[in-house]
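What follows is one structure encoded as structure tokens, with my remarks underneath.
In the numbering used here, the protein residues as written are 559 to 683.
In structure tokens form, the structure reads like this:
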């Protein structure tokens, strides 16, 4: 319990002020995600970075699918797609489109998956 008499929101404001602008804009850029996902096997932190890469990509895809579901749309990504395929599609896209790496990582994951598994066009009412 805080006994200083200062409002709790002041502490939140101070804590928020310690976040870097990049962290507030998004967790990763496409460049940062590409670096994570391209960590050489010989690197001491290969496993950690590989798990972080996969976790980010699958989280982004889950968010895309949830958004579609909320809007009563089916996922555009086939149900039998593996996590490894999602990673490979994302890394290939980032490798082949270096000009896109300055965008947010979530945007690049979205672009990569839509390029390989495009959504069918829906009619506008």
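Ideal placement from N, C-alpha and C gives every residue a C-beta, glycine not left out. Bear in mind that the values here come from a model prediction, so they are computed numbers and not experimental data.
Three-state class that DSSP yields for residue i in the structure shown
i: residue 671; result: helix
i: residue 662; result: strand
Same chain, Cβ closer than 6 Å to residue i, neighbours up to 5 away in sequence not counted
i: residue 676; result: none
i: residue 589; result: 659
i: residue 509; result: The requested residue 509 does not occur in the structure, where the chain is confined to residues 559 to 683.
C-alpha distance - residue i paired with residue j, whole-angstrom precision
i: residue 601; j: residue 679; result: 43 Å
i: residue 619; j: residue 671; result: 8 Å
i: residue 641; j: residue 595; result: 13 Å
i: residue 647; j: residue 656; result: 14 Å
Residue from the options with nearest C-alpha to residue i
i: residue 591; options: 672, 674, 673 and 668; result: 668
i: residue 585; options: 596, 653 and 615; result: 615
i: residue 650; options: 630, 639 and 674; result: 674
i: residue 644; options: 587, 657 and 666; result: 666
Contact set for residue i: own chain, Cβ-Cβ below 8 Å, skip 5 residues either direction
i: residue 587; result: 580, 659, 660, 661, 662 and 663
Exercise for the section: Count the C-beta pairs between the region 620 to 628 and the region 645 to 662 that are closer than 8 Å, then say yes if the count reaches three, no if not. Expected result: Judged by Cβ distances under 8 Å, the region 620 to 628 makes no contact with the region 645 to 662, as fewer than three pairs qualify.
Exercise for the section: Evaluate contact between the region 626 to 638 and the region 605 to 617, counting only Cβ atoms and requiring at least three cross-stretch pairs below 8 Å. Expected result: no
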